[in-house]
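Mapping of the sequence shown onto the numbering used here: residues 6 to 676, in sequence order.
For glycine and all other residues, C-beta sits at the position ideal for the given N, C-alpha and C.
Report on the following structure.
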Amino acid sequence: MSTTPTRLPRVRASELVGRGWLNTGGRDVTLAGLRGKIVILDFWTFCCINCLHVLDELRELEAAHRDELVIVGVHSPKFEHEADPDALAAAVERYDVHHPVLDDPDLVTWRAYTARAWPTLVVVDPEGYVVAQMAGEGHASAIAALVAELIEEHDAKGTLHRGDGPYVPPQPASGTLRFPAKAIALPSGNLLVADAGHHSLAELAPDGETLVRRIGSGARGLLDGGPGEARFSEPGGLCLVPEPMRATLGYDVVVADTVNHALRGVRLSDGDVTTLAGTGRQFMVGGQENVAGRTGGFDAAALHDARSVNLSSPWDVVWSAELGAFVVAMAGNHTLWAFEPALLRPSVRLLAGTMNEGLEDGPGAGAWFAQPSGLAPSADGALWLVDSETSALREVVPVDTGVELETAVGQGLFDFGHRDGAAGEALLQHPLGVAVLPDGSVVVADTYNGALRRYVPPATAAPAASAGPLAGGEVSTLATGLAEPSDVVVQVDGRAWTPGDPVPDGGEIHLLVVESVAHRLTRIAVAEDLAGDVLDSGARRTQRPATDVAPGPLRLEVPFEPAPGQKLDDRWGPSTELRVSATPPELLRSGAGKGADLFRDLVIDPDVPEGVLHVTAKAASCDVVPVGPDGEPDPGAFPACHLASQDWGIPVRVSSGTGSATAALSLPLRG
Numbered sequence: 006m007s008t009t010p011t012r013l014p015r016v017r018a019s020e021l022v023g024r025g026w027l028n029t030g031g032r033d034v035t036l037a038g039l040r041g042k043i044v045i046l047d048f049w050t051f052c053c054i055n056c057l058h059v060l061d062e063l064r065e066l067e068a069a070h071r072d073e074l075v076i077v078g079v080h081s082p083k084f085e086h087e088a089d090p091d092a093l094a095a096a097v098e099r100y101d102v103h104h105p106v107l108d109d110p111d112l113v114t115w116r117a118y119t120a121r122a123w124p125t126l127v128v129v130d131p132e133g134y135v136v137a138q139m140a141g142e143g144h145a146s147a148i149a150a151l152v153a154e155l156i157e158e159h160d161a162k163g164t165l166h167r168g169d170g171p172y173v174p175p176q177p178a179s180g181t182l183r184f185p186a187k188a189i190a191l192p193s194g195n196l197l198v199a200d201a202g203h204h205s206l207a208e209l210a211p212d213g214e215t216l217v218r219r220i221g222s223g224a225r226g227l228l229d230g231g232p233g234e235a236r237f238s239e240p241g242g243l244c245l246v247p248e249p250m251r252a253t254l255g256y257d258v259v260v261a262d263t264v265n266h267a268l269r270g271v272r273l274s275d276g277d278v279t280t281l282a283g284t285g286r287q288f289m290v291g292g293q294e295n296v297a298g299r300t301g302g303f304d305a306a307a308l309h310d311a312r313s314v315n316l317s318s319p320w321d322v323v324w325s326a327e328l329g330a331f332v333v334a335m336a337g338n339h340t341l342w343a344f345e346p347a348l349l350r351p352s353v354r355l356l357a358g359t360m361n362e363g364l365e366d367g368p369g370a371g372a373w374f375a376q377p378s379g380l381a382p383s384a385d386g387a388l389w390l391v392d393s394e395t396s397a398l399r400e401v402v403p404v405d406t407g408v409e410l411e412t413a414v415g416q417g418l419f420d421f422g423h424r425d426g427a428a429g430e431a432l433l434q435h436p437l438g439v440a441v442l443p444d445g446s447v448v449v450a451d452t453y454n455g456a457l458r459r460y461v462p463p464a465t466a467a468p469a470a471s472a473g474p475l476a477g478g479e480v481s482t483l484a485t486g487l488a489e490p491s492d493v494v495v496q497v498d499g500r501a502w503t504p505g506d507p508v509p510d511g512g513e514i515h516l517l518v519v520e521s522v523a524h525r526l527t528r529i530a531v532a533e534d535l536a537g538d539v540l541d542s543g544a545r546r547t548q549r550p551a552t553d554v555a556p557g558p559l560r561l562e563v564p565f566e567p568a569p570g571q572k573l574d575d576r577w578g579p580s581t582e583l584r585v586s587a588t589p590p591e592l593l594r595s596g597a598g599k600g601a602d603l604f605r606d607l608v609i610d611p612d613v614p615e616g617v618l619h620v621t622a623k624a625a626s627c628d629v630v631p632v633g634p635d636g637e638p639d640p641g642a643f644p645a646c647h648l649a650s651q652d653w654g655i656p657v658r659v660s661s662g663t664g665s666a667t668a669a670l671s672l673p674l675r676g
């Protein structure tokens, strides 16, 4: 097989059209103005963990080729909140985006480039022609090879122009906190905040404002040591170690160090930081190098040495006494993991999830998640979970065989809104935080609605005759007007409260809210009866252009070709995988399921007018081992392995006319 990526036909790149630009000093950017540069268009949306992974993948390439390469982010929003220009500006600052960003709320440029998934990458050569298009993450090495090839080619032709690009850095912000993610109350009464934008932890006095000390140097990185030298990268969830275990383990707090793909331990007495789990590399779904020292694929059923396994964007962490482990919301690969902190050999294991993105309940081994982002224990031993991309609140119940999942609020990947009332009809919008209230009800940091929502489970509801509007299994709104709340700490009489603890008569309940975009903690008093308002701002669906498909046979293809210097990796079985399903399931008469080929013949039911095709594709490749003078592979070479993967949700409209309806659908994984 050729290792040179197939070039697309010479088609001029479409102009970049949107509402405005960020990171350009107020100037518009045009393709004509970028002529002579290699341009990478990164179609992204800031809710999407895969998009955030791609931002990290591109950082090294961007820094290495600033003279020849311009990356342009094209922000095409999924959620309504993401179309707010102020929210986008905050996200560009939050995620250290160091290139121009086009604000494309109406998906004008998205449509022009026929993007179908977040993220999608398009490479434009110095003469303004599209030369490659690919979806998903894991393409860093392929893009680097293509950029090197284009530099050599256009240097020789005289069409490459070196020099500064259009990026203009914004003015740096100052303050104690910068995009705080999560918070906990410490035994001392102080508060510990994951100060993600400062890549550190901030210990604050009980007032939530006065800085007591900072743990971490503030520089992005993965480094253990004392509070002045340790490094984090956008830390997230925090969990106090149970008091009897602290002296034995030697740390008091577990930190979900999100962008480092690691769990860290912090000793509060001196601020010392150690790495507990993770290698610093990202777990790649289907990859062969997720466990150090293994010669085969990842064994999901096994216990693994905690320091030998790649993790993927751990977002939150809580202790579960029933499971005897810290439970980790692994947003990056849509799973829950267990970290078992044995003194001699700490271990991790996959607790729940298939690594497919969606909303499926039942036993943990078959459950589907979509960026699990917040966890909270309840007094009965269950855990409450917010699943951000499905805008869902779910319950995780320990059972003899592991855990089982049940969704309380949430409809799926593309349905969201702000609607109170019966839980089955209620809607959230990309929630990131959750906590349990003293009466057993649940408060949700409904992030993109800027609100706190309250869910009353049926088991905790008052009798129907006296319950009023908040009968069991219903949702209300406790507060609105918050700036992307990402976590909630429940306090009683100014002190931390833990589910199961008694509440004194007349005790005052406050919610300490992490307002991420406002860079602060906000204390909100809660009414004695915990009653909230019942609001309905309507339902929303992610709006993307639907693809007209003809009823009957539909050919699905996912073009993929390894990058230069790589080959398909079939050492441990098929190197590719394609999984197809539909919402509603009746949309597909045949073709659903999993297979190794990156093509599938589907049959569309003519009696279903519209729906969504769910497609997941994976392709594993590895570096070609160089051959020595003797014709044998170089024994000193250690080929690196790579994985390209992507989930698509393709809205389709079944059209009985011939017109523009297609009988073939191509979703390039690597073009």
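N- and C-terminal bounds of the alpha helix (DSSP H) containing residue i
i, result
"S146", "145 to 162"
"T114", "113 to 117"
Host beta strand (DSSP E) of residue i (start-end)
i, result
"E479", "479 to 484"
"A190", "188 to 190"
"E400", "397 to 404"
"H58", "First-last for H58: 54 to 69, but that is the alpha helix (DSSP H), not the beta strand (DSSP E)."
"M335", "330 to 335"
"A178", "First-last for A178: undefined, no H or E at that position."
"P382", "377 to 382"
"L126", "125 to 129"
"D612", "Run containing D612: none; DSSP gives neither H nor E here."
"P490", "490 to 497"
"G25", "25 to 27"
Contact check, residue i vs residue j, beta carbons under 8 angstroms
i, j, result
"A440", "V495", "yes"
"V271", "D257", "yes"
"K187", "G241", "yes"
"V113", "G23", "yes"
"A622", "A147", "no"
"G596", "V613", "no"
"V617", "T581", "no"
"Q651", "G25", "no"
Three-way DSSP call (helix, strand, coil) for residue i in this model
i, result
"A201", "helix"
"Y134", "strand"
"H86", "helix"
"T588", "strand"
"Y460", "strand"
"R594", "strand"
"V97", "helix"
"L573", "strand"
"V657", "strand"
"A470", "Confidence at A470 is low in this model, with a pLDDT of 33, below 50, so its placement is unreliable and the value that follows should be read with caution. A470: helix per DSSP, three-state reduction."
"E394", "helix"
"S193", "coil"
"G141", "coil"
"G676", "A caution first: G676 carries a pLDDT of 45, below 50, which makes its placement in the model too unreliable to give a value."
"S650", "strand"
"T9", "Low local confidence applies: a pLDDT of 40 at T9 is under 50, so the model's placement there is unreliable, and no value is given."
"R312", "helix"
"A532", "coil"
"R33", "A quick correction: the sequence has Asp, not Arg, at residue 33. Here D33 sits in coil by DSSP."
"A92", "helix"
"G407", "strand"
Residue i beta carbon near the ligand PLP (any heavy atom closer than 7 angstroms)
i, result
"G600", "The ligand PLP is not part of this structure, which contains no ligands at all."
Residue from the options with nearest C-alpha to residue i
i, options, result
"F51", "A188, L107, P131", "L107"
"V414", "E479, H515, L245, A201", "E479"
"A501", "E294, E489, P192", "P192"
"A267", "W389, I156, F288, L74", "F288"
"A145", "E158, M250, T125", "T125"
"F184", "D575, E489, A427", "E489"
"R525", "T340, L559, T215, T552", "T215"
"F421", "P247, L517, L398, T280", "L398"
"L603", "A625, E234, V332, D610", "A625"
"A615", "V563, A601, A551", "At residue 615 the sequence reads Glu, which differs from the Ala that was named. When each option's Cα is compared against that of E615, the closest is A551."
"T280", "L227, P174, E157", "L227"
Legend entry - Length at least 4, wholly inside the segment 201 to 286: the alpha helix (DSSP H) runs in chain order: The qualifying runs are 248 to 254.
Inset, instruction - List in chain order: all unbroken beta strand (DSSP E) runs of 3+ residues lying wholly within the segment 321 to 375. - result: Those beta strand (DSSP E) runs which fall completely within the segment 321 to 375 and span 3+ residues are 330 to 335, 340 to 345, 352 to 357.
Legend entry - Complete runs of the beta strand (DSSP E) confined to the segment 422 to 453 [at least 3 residues]: 438 to 441, 447 to 451
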